[in-house]
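Protein chains: 2
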Amino acid sequence: MTPSSVTVACCQLAPSIGHVSDNLDAAGTMIRQARESGAEIVVLPELATSGYAFSGPEEAAQHAEPVDGPTVALYLTESLRATVIGGFCEAGPDGATYNSAVVASGGEVLAVYRKVHLWGDEQRNFAPGGEVPPVVATPHGRIGLGICYDLEFPEVARSMAVAGADLVVFPTNWPASVAPTGERPMLHTLAMATARHSRVYVAVCDRAGSERGLGYLGGSIIVGPDGWPVAEATPEDGPQILLSSCDLGTARDKRLGADNDVIADRRPRLYTRLAEAPQAPQRT
Amino acid sequence: MTPSSVTVACCQLAPSIGHVSDNLDAAGTMIRQARESGAEIVVLPELATSGYAFSGPEEAAQHAEPVDGPTVALYLTESLRATVIGGFCEAGPDGATYNSAVVASGGEVLAVYRKVHLWGDEQRNFAPGGEVPPVVATPHGRIGLGICYDLEFPEVARSMAVAGADLVVFPTNWPASVAPTGERPMLHTLAMATARHSRVYVAVCDRAGSERGLGYLGGSIIVGPDGWPVAEATPEDGPQILLSSCDLGTARDKRLGADNDVIADRRPRLYTRLAEAPQAPQRT
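Chains as they are written, first to last, in the numbering used here: chain A, 5 to 288; chain B, 5 to 288.
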């Protein structure tokens with residue numbers, strides 16, 4: 005079934021480390037506001053209720069909760085009236101702590117994704133996921149899920165598009181960065197190219213605020229399959245809901261001009277380097 | 005040997021179909037001007053001496069020349085004092101016509117590349133190449149070579165970076181396109197994301213002018229490994245030389261922040277979908 009027009013919301017929260025209960029309240033309130041504004045797909049940031057800037061693995065573990073903990077319980081409750089995608093600090097069934105996110109829809113968890121590319125201190129605070137980032141069918145279309153730094157690996161979103169994703173979402177905690185005068189943040193350039201390459205919708209839900217000296221960009225963005233933004237936060241505008249109608253059915257049309265198709269024109273036999281184990285590059 | 009700072013030039017020509025001799029003269033003149041301005045790596049557009057908008061395969065074949073024809077002879081002569089990368093309409097050794105480009109350096113052809121992703125009428129006018137886009141070691145650093153529409157496949161430049169390219173070049177004939185007010189052409193967004201993803205230099209040498217009702221963008225760009233342009237043509241400014249000093253050695257430093265490396269952090273085992281044969285996506 006080809007999806008039709010749906011309203012996508014990015015809930016750009018500013019969670020505060022150590023205040024899980026307040027963060028849960030803020031997330032619930034913003035999800036409901038987004039739904040009341042018509043959102044049918046609601047995206048929240050990475051680690052939306054735990055905060056991010058942990059002092060080390062012990063503190064990350066203290067803030068971790070299982071998939072049946074309070075954060076995913078909130079997402080599940082809200083998913084009865086919208087598809088909800090959001091991050092949480094996961095106490096894994098194997099005892100490890102993961103930087104995870106779920107897709108919840110119709111009161112069910114359709115996917116639990118554990119971030120596979122870990123940024124900075126995450127390498128000390130979390131175990132890396134070992135599974136391919138998922139693409140799941142929801143009543144609103146097929147959704148691919150990565151987290152933050154995963155966006156910097158073009159292989160991730162491209163693999164999702166090849167697997168049929170209409171919308172690729174990235175819950176994010178992007179560090180504040182300085183762009184040259186007059187330029188968009190580089191995060192936006194990456195999101196735009198990601199959408200345009202595969203003719204998919206891309207929704208990056210970033211967080212706002214700062215924690216323990218680490219400032220976040222507050223740069224959520226929703227991009228259409230032609231690569232142009234359809235909704236874009238101005239960095240440092242703080243917590244807000246970014247909302248756009250997205251005709252996800254158009255993401256199934258991969259044509260470019262009269263004779264081309266960005267997915268069918270691929271030459272996978274020529275891309276085998278990407279799936280090979282890394283090796284030292286040939287030296288000059 | 006880590007390369008040092010080199011000057012890269014994009015010679016944004018406006019060739020005219022059917023005027024091969026004039027086009028050769030214009031290319032030679034502009035290469036020499038670039039060299040006199042200090043260029044050590046000189047890039048020319050796709051099909052730089054034949055023109056592009058052929059009426060069909062017969063006309064493409066009429067304008068085709070072998071690797072030892074006049075266009076590559078010019079590139080070879082000039083390559084005694086610079087590394088030259090440029091497109092030509094190739095009469096292949098197998099009798100087929102290819103949309104090809106070479107890397108020439110020190111009076112030798114180091115690589116002949118036959119475009120593997122064909123755009124629009126190229127599908128009728130040319131045979132597709134069947135080999136992986138090359139990465140070659142030159143005295144100025146390791147250069148990866150794709151052509152125009154290849155840039156729209158993130159697999160291409162990424163594969164080159166994995167194979168050790170410092171600079172990825174795309175001889176291009178990009179059709180004119182209208183961007184929303186205040187926006188860069190989408191070509192520039194793709195080039196910037198390509199550079200930033202793999203921390204490589206990217207040089208897109210586009211053509212200018214128009215032929216038989218087809219207008220070209222004239223949007224050459226050189227991007228540094230942080231994703232920001234170091235030289236950028238304003239579309240429709242016509243023939244020109246874009247020149248920038250590029251410290252190609254910095255493209256061997258793949259670090260991002262204190263703890264990350266955009267190539268070493270890859271998880272190739274999770275990217276196997278990219279090298280698999282295409283299949284119909286799972287339906288909702």
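Glycine included, every Cβ here is placed at the ideal spot set by N, Cα and C. The structure displayed is predicted, hence computed values, not measured ones.
Item to check | Bounding residues of the alpha helix (DSSP H) (the contiguous stretch that carries A235 of chain B) | outcome: Reading the second sequence from its first residue, position 231 is the one you call residue 235 of chain B. Not the alpha helix (DSSP H): A235 of chain B falls in the beta strand (DSSP E), residues 233–236.
Checklist entry - Under three-state DSSP, which class holds R271 of chain B? => result As a first step, residue 271 of chain B is located in the second sequence; it is residue number 267 there, counting from the start. Here R271 of chain B sits in coil by DSSP.
Next on the checklist: For a test of the three-state rule: what should DSSP assign to G6 of chain B, helix, strand or coil?
Outcome noted: Counting from one through the second sequence, the residue named residue 6 of chain B turns up at place 2. It is Thr, not Gly, that sits at residue 6 of chain B in the sequence shown. Reduced to three states, the DSSP call for T6 of chain B is coil.
Next on the checklist: Any beta carbon from chain A within less than 8 Å of A64 of chain B's own beta carbon?
Outcome noted: Stepping through the second sequence from its first residue, residue 64 of chain B is reached at position 60. Not one chain A Cβ lies under 8 Å of A64 of chain B.
Item to check | Residue span of the alpha helix (DSSP H) that contains A77 of chain A, given as start and end | outcome: Here the question's residue 77 of chain A lines up with position 73 in the first sequence. Its alpha helix (DSSP H) spans residues 74–82.
Checklist entry - What is the DSSP secondary structure of A141 of chain A, counted as helix, strand or coil? => result On the first sequence, position 137 is the one that residue 141 of chain A refers to. In the structure shown, A141 of chain A sits in a strand (DSSP, three-state: E or B).
Item to check | Distance between Y275 of chain A and R188 of chain B (C-alpha atoms, nearest Å) | outcome: Working through the second sequence from its first residue, we reach residue 188 of chain B at position 184. Working through the first sequence from its first residue, we reach residue 275 of chain A at position 271. Going from the Cα of R188 of chain B to the Cα of Y275 of chain A covers about 29 Å.
Checklist entry - Would T3 of chain A count as contacting chain B if we go by Cβ distances under 8 Å? => result Only positions 5 to 288 of chain A appear in the structure, and residue 3 of chain A is not among them; the question remains open.
Checklist entry - Would you call the region 45–63 of chain A and the region 215–231 of chain A touching, i.e. three or more CB-CB distances under 8 Å? => result yes
Checklist entry - Can you tell me whether DSSP reads L51 of chain B as helix, strand or coil? => result Here residue 51 of chain B refers to the residue found at position 47 when the second sequence is read from its first residue. Coil at L51 of chain B, not helix or strand.
Checklist entry - If L48 of chain A sits next to D170 of chain A, beta carbons under 8 Å apart, how far is it from one beta carbon to the other, in whole angstroms? => result Locating residue 48 of chain A in the first sequence gives position 44, counting from the first residue. Locating residue 170 of chain A in the first sequence gives position 166, counting from the first residue. Going by Cβ atoms, the distance from L48 of chain A to D170 of chain A rounds to 19 Å, so no, they are not a contact pair.
Item to check | Nearest-angstrom beta carbon gap, V120 of chain A and R271 of chain B [assumed within contact, 8 Å] | outcome: In the second sequence, counting from the first residue as 1, residue 271 of chain B sits at position 267. In the first sequence, counting from the first residue as 1, residue 120 of chain A sits at position 116. Their Cβ separation, rounded to whole angstroms, is 5 Å, which keeps R271 of chain B and V120 of chain A in contact under 8 Å.
Item to check | Extent of the continuous beta strand (DSSP E) run through E94 of chain A | outcome: Here the question's residue 94 of chain A lines up with position 90 in the first sequence. E94 of chain A -> beta strand (DSSP E) spans 87–95.
Item to check | Pairwise C-alpha distance: E156 of chain B and H192 of chain B | outcome: Looking up residue 192 of chain B in the second sequence gives position 188. Looking up residue 156 of chain B in the second sequence gives position 152. Their backbone Cα atoms lie some 11 Å apart in a straight line.
Item to check | Residues of its chain near A167 of chain A, where Cβ-Cβ distance is below 6 Å and the 5 sequence neighbours each way are ignored | outcome: Position 163 of the first sequence, counted from the first residue, corresponds to residue 167 of chain A. V139, listed in sequence order.
Next on the checklist: Strictly under 8 Å for the Cβ-Cβ distance: is A197 of chain B near chain A by that measure?
Outcome noted: For the purposes of this step, residue 197 of chain B is identified with residue 193 of the second sequence, where counting begins at 1. By this cut-off, A197 of chain B is an interface position.
Checklist entry - Looking at C-alpha atoms only, which residue of A:Q244, A:R256, A:A268, A:L194 is the closest neighbour of P233 of chain A? => result The residue you call residue 233 of chain A lines up with position 229 of the first sequence. Distance from the Cα of P233 of chain A is smallest, within the candidate group A:Q244, A:R256, A:A268, A:L194, for A:L194.
Checklist entry - DSSP three-state call for D29 of chain A: helix, strand or coil? => result For this step, residue 29 of chain A is matched to residue 25 along the first sequence. Of the three classes helix, strand and coil, the one that applies to D29 of chain A here is helix, per DSSP.
Checklist entry - By how many angstroms is the C-alpha of I21 of chain A removed from the C-alpha of S163 of chain B? => result For the purposes of this step, residue 163 of chain B is taken as residue 159 along the second sequence, with counting starting at 1. For the purposes of this step, residue 21 of chain A is taken as residue 17 along the first sequence, with counting starting at 1. About 39 Å.
Next on the checklist: Count Cβ pairs between the region 29–44 of chain A and the region 86–96 of chain A that sit closer than 8 Å; are there 3 or more?
Outcome noted: Result yes; three or more Cβ-Cβ pairs closer than 8 Å.
Checklist entry - Assuming G133 of chain B and Y102 of chain B make a contact with CB atoms under 8 Å, what is their CB distance in whole Å? => result As a position in the second sequence, residue 133 of chain B is number 129, starting the count at 1. As a position in the second sequence, residue 102 of chain B is number 98, starting the count at 1. The beta-carbon separation of G133 of chain B and Y102 of chain B, rounded to 6 Å, stays under the 8 Å limit for a contact.
Checklist entry - What does E2 of chain A touch in chain B if you count any residue whose Cβ is under 7 Å from its own? => result With chain A covering only 5 through 288, there is no way to say anything about residue 2 of chain A.
Checklist entry - What residues of chain D sit near M190 of chain B, judged by a beta carbon separation below 7 Å? => result Looking for chain D here will not work: the only protein chains present are A and B.
Checklist entry - Among B:A131, B:P143, B:Q127, B:L80, which one has its Cα closest to the Cα of E112 of chain B? => result To locate residue 112 of chain B, count along the second sequence from 1; it is residue 108. Looking at the Cα atoms, B:L80 is the closest of the given residues.
Item to check | Of the listed residues B:S248, B:L221, B:G150, nearest to V227 of chain B (C-alpha basis) | outcome: The sequence position of residue 227 of chain B within the second sequence is 223, counting from 1. The residue with the shortest Cα to Cα distance from V227 of chain B is B:S248.
Checklist entry - Can you name, in chain order, every residue of its own chain whose Cβ lies under 6 Å from the Cβ of P143 of chain A, other than the five neighbours on each side? => result One-based indexing of the first sequence puts residue 143 of chain A at position 139. No residues qualify anywhere along the chain.
Item to check | Whole-Å CB distance - A199 of chain B paired with V208 of chain B, under 8 Å assumed | outcome: Locating residue 199 of chain B in the second sequence gives position 195, where the first residue counts as 1. Locating residue 208 of chain B in the second sequence gives position 204, where the first residue counts as 1. No, A199 of chain B and V208 of chain B are not in contact; Cβ-Cβ is about 10 Å, not under 8 Å.
Next on the checklist: If you reduce the DSSP assignment to three classes, tell me which class S109 of chain B lands in.
Outcome noted: The count along the second sequence starts at 1 and reaches residue 109 of chain B at position 105. Strand, per DSSP.
Checklist entry - If G261 of chain B and G124 of chain A are in contact, beta carbons under 8 Å, what's the gap, nearest whole angstrom? => result As a position in the second sequence, residue 261 of chain B is number 257, starting the count at 1. As a position in the first sequence, residue 124 of chain A is number 120, starting the count at 1. Between G124 of chain A and G261 of chain B the Cβ distance is about 6 Å, and since that is below 8 Å, they are a contact.
Checklist entry - Does the distance from the C-beta atom of R256 of chain A to that of T6 of chain A stay below 8 Å? => result Numbered from 1 along the first sequence, position 252 holds the residue referred to as residue 256 of chain A. Numbered from 1 along the first sequence, position 2 holds the residue referred to as residue 6 of chain A. Their beta carbons are under 8 Å apart, which means R256 of chain A touches T6 of chain A by this criterion.
Checklist entry - For I226 of chain A, does the three-state DSSP call read helix, strand or coil? => result Translated into positions along the first sequence, residue 226 of chain A becomes position 222. It is a strand residue.
Checklist entry - Exposed or buried, what is S25 of chain A when buried is set at 16 or more other beta-carbons lying within 10 Å of its beta-carbon? => result Here the question's residue 25 of chain A lines up with position 21 in the first sequence. Flag for S25 of chain A reads exposed.
Checklist entry - What does DSSP give as the partner residues of C15 of chain B in its beta bridges? => result For the purposes of this step, residue 15 of chain B is taken as the residue at position 11 of the second sequence. The partner list for C15 of chain B (beta bridge, DSSP) reads B:I245.
Item to check | Chain-ordered neighbours of G163 of chain B on chain A, where CB pairs are closer than 7 Å | outcome: Here residue 163 of chain B refers to the residue found at position 159 when the second sequence is read from its first residue. Checking the sequence, you will find Ser at residue 163 of chain B rather than Gly. Within chain A, the C-beta atoms nearer than 7 Å to that of S163 of chain B come from Y275, R277, L278, in chain order.
Item to check | Burial state of T185 of chain B (16 or more Cβ within 10 Å) | outcome: Taking the second sequence and counting its residues from 1, one reaches residue 185 of chain B at position 181. With fewer than 16 Cβ atoms within 10 Å of its Cβ, T185 of chain B is classed as exposed.
Item to check | chain B within 8 Å of E289 of chain A, Cβ atoms only | outcome: The question about residue 289 of chain A has no answer, for chain A in this structure spans 5 to 288.
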